[in-house]
Amino acid sequence: MTVLVAGTVDILDGDRDKALAASAALMAETRSQPGCRHYVWAADPTSETRVHVYENWESSEALNAHLAGPYYLQMLGILGEYNVVNTEVLKFRSELEEPVYDPEGRPRGDFFTA
Numbered sequence: 001m002t003v004l005v006a007g008t009v010d011i012l013d014g015d016r017d018k019a020l021a022a023s024a025a026l027m028a029e030t031r032s033q034p035g036c037r038h039y040v041w042a043a044d045p046t047s048e049t050r051v052h053v054y055e056n057w058e059s060s061e062a063l064n065a066h067l068a069g070p071y072y073l074q075m076l077g078i079l080g081e082y083n084v085v086n087t088e089v090l091k092f093r094s095e096l097e098e099p100v101y102d103p104e105g106r107p108r109g110d111f112f113t114a
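First residue of the sequence shown? That's 1 in the UniProt record's numbering, and the numbers climb one at a time after it.
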């Protein structure tokens, strides 16, 4: 089972880029954790404050280990230095995954392998 974490955070006072720069090394370290497939906080190019959060974990156990570990606490510490508002980050459980493109290279919104 895959667990996805996705959402948005706004960082005010013109500090978004500073906060992302301050957390870049930590994001790279987080990716080394067992069960972490993807982990990124990225600036929205259409907003001066918005950050998009995307994480992909192999299991809820892997996500739990991350949330109980030092990288998560360090990220909270970094974000605590900035004016973070409008946080909406959700987790999703996925039982079925497949590519967007089918074997013929066509993009598909339906699930075609199951």
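Heads up, the beta-carbon is just placed ideally off N, CA and C, and yes, glycines get one too. Computed from a predicted model, the values in this text were never measured in an experiment.
Excluding the 5 residues flanking it on each side, D15 has same chain C-beta neighbours closer than 6 angstroms at Y82, in chain order. Using a 10 angstroms sphere on the CB of Y39, the tally of other CB atoms reaches 16 or more, which defines it as buried. Taken through DSSP and simplified to helix, strand or coil, D17 comes out as helix. The Cβ atoms of T49 and I11 sit closer than 7 angstroms to each other. By the Cβ neighbour-count rule, Y71 is buried, with 16 or more other Cβ atoms within 10 Å of its own. The Cβ atoms of G7 and L90 lie closer than 7 angstroms to each other. Contact between the stretch 20-36 and the stretch 58-68 is established, with three or more Cβ pairs separated by less than 8 angstroms. A direct Cα-Cα distance of roughly 29 angstroms separates F112 from H52.
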